[in-house]
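Plus 333 on top of the position in the sequence shown (first one is 1) and you've got my numbering. Beta carbons are placed, not taken as given, at the ideal position from N, Cα and C, and that holds for glycine. Quantities reported herein were computed from a predicted structural model and do not represent experimental measurements. Notes to accompany the following structure.
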Amino acid sequence: MAATLWHHRQKTQKKTQKINMDTNRFLQLYRLDTSWLFALVLVTTSCNVSKYLPEDEFLYTGAHLEIVQEAPVKGMKAVREELQGLLRPKPNSKILGQYLGLWAHYKMQQEHPGFINRFIYNRLGEEPVYFSQVQPEKTEELLLNRLDNNGFFYAEVLSTSSRDAKKADITYQVTLPPPYSLRNYYYEQDSLPIDRHLKELLESSELTSGDRFALDKMKAERERINTALKNRGFYNFNPDYLIFEADTNQYEGREYDLYVRLKESVPEEGILPYQIRSIRVFPNYSLDEYGAGTDTTRIEGVEFIQEQFSFKPELLRQYLLIEKGGLFNAQRSRLTSNRLSGIGNYRFVNIRYTEVAGEKDGESGLLDANIYLSPLDKRSVRAELQGVSKSNNFAGPALLLNYRNRNLFFGGETFDLTGKVAYESQIASGEREGLNAFEFGLKGDLIFPRVVFPIPIKERFAYSVPKTKISLGSEYQDRRGLYRLNSLSASYGYFWNANRFVYHEITPISLNFVDLSNTSGEFEEILNNNPFLRQSFEQQFIAGVTYSYAFNKLMDTYRTHSVYVGVNMDLAGFGLRFANNVFNGADPNTFLGFTYAQYNKGDIDFRYYLRFTEEKLLALRLFGGAGLPYGNSVSLPFVKQYFSGGPSSVRAFRIRSLGPGSFRPDSETTANFFDQAGDVRIEGNLEFRFPIFSYLKGAVFADAGNVWLINENEALPGGKLGSDWYRELGIGAGLGLRVDIEFFVLRFDLATPLRRPYREEGQRWERDFRFGDNDWRKENFIFNFAIGYPF
């Protein structure tokens, strides 16, 4: 027994030693001292607002909703959320369990508040919500009314309050009977022309047998019928002309039949379909009346009236979806307006319909359609002085001069000529030197608001008309102390919006010629050390096809769940070998004497927003891209390569400091800017965004990613993509501030690495966070500045 006690004592001592060691390690790791604890206690006690409350008042801490159901109900979660939203008033907000806003309000009540107290009051202060402001009877009425609207007739609501010291709350107990559900849905009238349409529309109704009675669904049904009738010619129809009646007399249980009918007071013109008698278009409309010199051209039943010739009528006719002799259609009218606005030549597009009094075509009324188009100024010149911040961490001033000519050939064509002069330097570049550049560029774009093709093509896109874009540009870049780059680009392609959310762009002809010159000895040494890099610069000619697709619902701030999907494809050089043989080229690896690149590249960008409120959301981004070099190429051309790290990538790592793979340069030099790129990129970002006050927003984020090579490169050991790629992800986390002033966003992010892929296996995760150490902070805190949100 003594031996047993001795062994037990030894185990206890070892456990005690381990606990002490763990405690010391924890305290040493985070360097907690009594001053931090004192500050925490000070904040907690200073925000105690009970001492500020008037003697006869209680602080209202909120309402609780208890629901008692006699039977399970489908969709009860939505009903509960709807009822919860009716509870008034809302209590004062709490941050980390403290009433900071209320405390800020009371601090302002001092006799001589200083600047800091006034600032805190204006930015954080909240008016106190007292229990005396609560009106339980009114809230009970609101709850009962909303329950009736959702089919829970004869429900009961009781409220009880509780008080504790200087605080009080209230509980609403709701007892729900089974709701009424729909058995049949009818329209019984049959003597008017509109009756046939109403019966047909009921067949596609979303109101189905078994649905719970819901007033909101009936309102939506009425709007659906109104929209459908407006698209069937009923120009003057109004949803208020419809009335719903529920009949519960036929059933013993909680079921009802629903009848929809027209009100007896509906005017005749409200239920009469209308045809288009005439269509007149005014391509250069102004408030001044048209004079005697007005010219009228008639094409396919449409009159084009111009005082001065401004637009070719045969081209403008293609944008009109409304037809003479056809029934009025609100959707076609709206789409016609969208298509005309999409030309880009008009400040205002206004379609007005006028009823022809006293005339009918059988059982239909008649409308005259007048389309008024107010043009923008034909020519404009704009100068811009910009502060540019790029995704590759280069920043600097730029001067842009732009000349624009609208309606160049009287068919809505837009010609843009843009000249650019810029200087940029890489910020947060560490020990790298010489990373600055001068840029000079000139680019011309000619955009046709229609499909331009050797063979006539009649477009069939109702939402918007595809546009044809022809571009030609030249750019000169002097990367100081390294090289000069001259490039010439040309492209021919099409772009269009399929609907409000979907965008397409296809460029069947994309040409890019690059000439590298004036390379310095330092840059020649960089190229000599990395033959793959040399070839990526020497591939002077890039020719291929590009395609982009975007599905975007992120702009709708009212959506709880929003998604963006972007897809890009770039296929280069696949037809040049055949073309070279046709032209009897002596070297199959060159075209017209130039070395050309061959690769297939594609990437996908997925983003998801979960909105808790309009300004508070969780943002997720996943990116995957790969370029497969073949034939002439062993890697992607330098301008087409991927890189990782920086303000729009993994923010805990400096620009181009990640990868490829587990590669780590011997030192941080200028060469690494060119070495640390790859053919494959995988990244993921998670960010929680929240408002702080007014235009200042905050964020907490975590990023992961890296780049890899398709082919082995001896100059970059560990850079090739392998099956264990996930072990080579760089991971970081941080905090951010955003100055969001509607038309632009300034972003400041501070991040630290959590996992470094270039370390030895087993040592990649960061375990030593010495936030109190100045040297550690300089080495591990990465600051990023950018314009706009990262995704």
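Practice item. Let me know if P642 comes out buried or exposed under the rule of 16 or more other beta-carbons within 10 Å of its beta-carbon. Key: Looking at the sequence itself, residue 642 is Phe, so the reference to Pro does not match. Counting Cβ neighbours within 10 Å, F642 comes out exposed, since fewer than 16 surround it.
Check your understanding: How far does the beta strand (DSSP E) with V635 in it reach, from first residue to last?
Key -> 635-639
**Study point:** 8 Å Cβ cutoff met for P1125 and I655
**Key:** The structure shown does not extend to residue 1125, since the chain spans only 334 to 1124, so no value can be given for it.
Point to revise | From K423, D936, A411, G658, residue whose alpha carbon lies closest to that of D694 | key: G658
Exercise for review: Could you name the residues that DSSP lists as bridge partners for K423?
Suggested key: Its beta-bridge partners do not exist; DSSP assigns none.
Check your understanding: L909 by DSSP, collapsed to three states: which one?
Key -> helix
Check your understanding: For the segment 741-757 against the segment 778-785, are there 3 or more C-beta pairs whose distance is under 8 Å?
Key -> yes
Practice item. State buried or exposed for E1075, treating a residue as buried only when at least 16 other CB atoms are found within 10 Å of its CB. Key: exposed
Review point. DSSP three-state call for G1034: helix, strand or coil?
Key: First, the amino acid is wrong: residue 1034 is Phe here, not Gly. Here F1034 sits in strand by DSSP.
Review point. Under the DSSP definition of a beta bridge, which residues are partnered with F1021?
Key: L951, V1033
**Study point:** For I558, the three-state DSSP class (helix, strand or coil)
**Key:** helix
Point to revise | Helix, strand or coil at G854 [DSSP, three-state] | key: helix
Practice item. Check whether the Cβ of G744 lies closer than 7 Å to any heavy atom of the ligand NAD, and answer yes or no. Key: Ligands are entirely absent from the displayed structure, and the ligand NAD is therefore not among its contents.
Point to revise | Pairwise C-alpha distance: L741 and R940 | key: 39 Å
Check your understanding: In chain order, what residues of the same chain have a beta carbon less than 7 Å from the beta carbon of F486, not counting five sequence neighbours either side?
Key -> Y513
Check your understanding: Name the DSSP bridge partner or partners of R1071?
Key -> K1030, R1080
Review point. Can you name the start and end residues of the beta strand (DSSP E) that E688 belongs to?
Key: 679-694
Review point. If we count the other Cβ atoms within 10 Å of its Cβ and call it buried at 16 or more, is Y975 buried or exposed?
Key: buried
Practice item. To the nearest angstrom, report how far apart Q949 and R1071 are at their CA atoms. Key: The amino acid occupying residue 949 in the given sequence is Lys; Gln does not appear at that position. Near 13 Å, if we compare the C-alpha coordinates of R1071 and K949.
Point to revise | Bridge partners - Y1059, DSSP secondary structure assignment | key: Note: Y1059 sits in no beta bridge, so no partner.
Review point. So, does the CB of R715 fall closer than 8 Å to a CB anywhere in chain D?
Key: No chain D is present in this structure, which holds just one protein chain.
Check your understanding: In the structure shown, what three-state DSSP assignment does Q873 receive?
Key -> coil
Practice item. Inspect the beta-carbon positions of Q506 and L525 and report whether they are closer than 8 Å. Key: no
Check your understanding: Are G675 and S797 touching if we call contact CB-CB under 8 Å?
Key -> yes
Exercise for review: Write down the C-beta distance between L1068 and G1038 rounded to the nearest angstrom, noting that I regard them as a contact closer than 8 Å.
Suggested key: Not confirmed; about 19 Å, so no contact.
Practice item. Would you kindly report the start and end of the unbroken beta strand (DSSP E) that includes L476? Key: Per DSSP, L476 belongs to no beta strand (DSSP E); it is in the alpha helix (DSSP H), 469-482.
Review point. Between the beta-carbon of G1052 and the beta-carbon of G992, is there less than 8 Å?
Key: yes
Point to revise | S303 to I527 span [Cα, whole Å] | key: This structure does not reach residue 303, given that the chain is present from 334 up to 1124, and the question cannot be answered.
Review point. Between G877 and the rest of its own chain, which residues show a CB-CB distance below 8 Å, the 5 nearest in sequence each way excluded?
Key: S843, D903, L904, A905, G906, F907
Exercise for review: Can you say whether A579 is buried or exposed, counting buried as having 16 or more other CB atoms within 10 angstroms of its CB?
Suggested key: exposed
Review point. Apart from the five residues just before and just after G1055, which ones in its own chain have a Cβ nearer than 7 Å to its Cβ?
Key: none
Check your understanding: For Y942 versus S881, is the C-beta distance shorter than 8 Å?
Key -> no
Check your understanding: Residues in its own chain within less than 6 Å of E1016 by CB, not counting five upstream and five downstream?
Key -> F956, G1038
Review point. Per DSSP, what kind of secondary structure is M888 in: helix, strand or coil?
Key: coil
**Study point:** K753 beta carbon less than 8 Å from that of A770
**Key:** no
Check your understanding: Comparing alpha-carbon positions, which option in N569, F870, D549 lies nearest V972?
Key -> F870
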